[in-house]
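Right, one structure below, let's go through it.
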Amino acid sequence: MKSIERKNIPHKKSINFRVNPLLRIGDPRQSASTAAASRRGFTLIEIVVSVGIVVALMVAVVIILNPTAQFAKGRNAQRRANLNMIIAAIGQNKFDNKGTFSCASGAIPTSTATRMASSSYNIGPCLVPTYLPSLPYDPSTSTAKWVSVTNYDTGYTIVQSATTSRVTVSAPAAELGETITYTR
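Take a look at the structure:
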């Protein structure tokens, strides 16, 4: 039997970028996946999975924090501060006038809660500028504004008890089912 000699036939050389230098060309341990794994960068699927995870985390944070409720709580806190300023100014007016509220618009309404506005119970000239620099107004009522003592709408209501003479100011537009009133 004749033995067949193998001749060294030169192989076509392919271009391999970033191939492990310890592996020789033609080494059976060198495969296409090994060559691909040695390249730097991210694959499209890795990027898509990463973006998906980030989006899922952002959605979870938004659901947990509930920004709508947080903003509503902030507006309610502003309403409390505004009503506290108004009731304190009314109290100071009463203190300066020996227990009687002095106002060119007349006495504070006693029958029903009335809106504090230039077109309704005009309390502005009684408090501004002596007790307040301007009247605070509701942060979300669309008609609430302060321009001057002759052009304003606080968005808040006022009433005085006919029996106890205590004054109550309220924020009818309070959110999240809260009732915000101050009485003095």
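With the sequence shown counted from 1, adding 286 to any position gets you my numbering.
For each residue, glycine too, the CB sits at the ideal point set by N, CA and C.
Quick caveat: nothing in here was measured; it's all calculated off a predicted structure.
Pairwise C-alpha distance: E464 and A430: 19 Å
S447 classed as buried or exposed, judged by whether at least 16 other C-beta atoms fall within 10 angstroms: exposed
T329 in three-state terms, based on DSSP: coil
Endpoints, the beta strand (DSSP E) within which I444 is located: N437 to Q446 is the extent of the beta strand (DSSP E) around I444.
Bridge-paired residues (DSSP) for K431: D439
Cβ neighbour criterion (16 or more within 10 Å) applied to S405: Exposed.
Backbone secondary structure at V453 - three-state DSSP: strand
S434 to M402 span [Cα, whole Å]: 13 Å
Minimum C-alpha distance to P411 - residue among P395, A399 and S388: S388
Cβ distance (whole Å) where S391 is taken to contact I409 below 8 Å: 6 Å
6 Å CB neighbourhood of N368 in its chain, flanking five on each side removed: P422
Reduced DSSP secondary structure (H/G/I, E/B, other) of R470: coil
Contact under 8 Å by Cβ, Q378 with Y438: no
Beta-carbon gap between A399 and T443 smaller than 8 Å: Between A399 and T443, the C-beta spacing is below 8 Å.
Nearest-angstrom beta carbon gap, N362 and E461 [assumed within contact, 8 Å]: 6 Å
Pairwise C-alpha distance: Y468 and N396: The sequence given here places Thr at residue 396; Asn does not occur at that position. Using only the alpha carbons, I get a separation of about 16 Å.
T440 versus I376: straight-line alpha-carbon distance, rounded: 15 Å
Sequence-distant residues of the same chain with beta carbon closer than 8 Å to I339, five excluded per side: none
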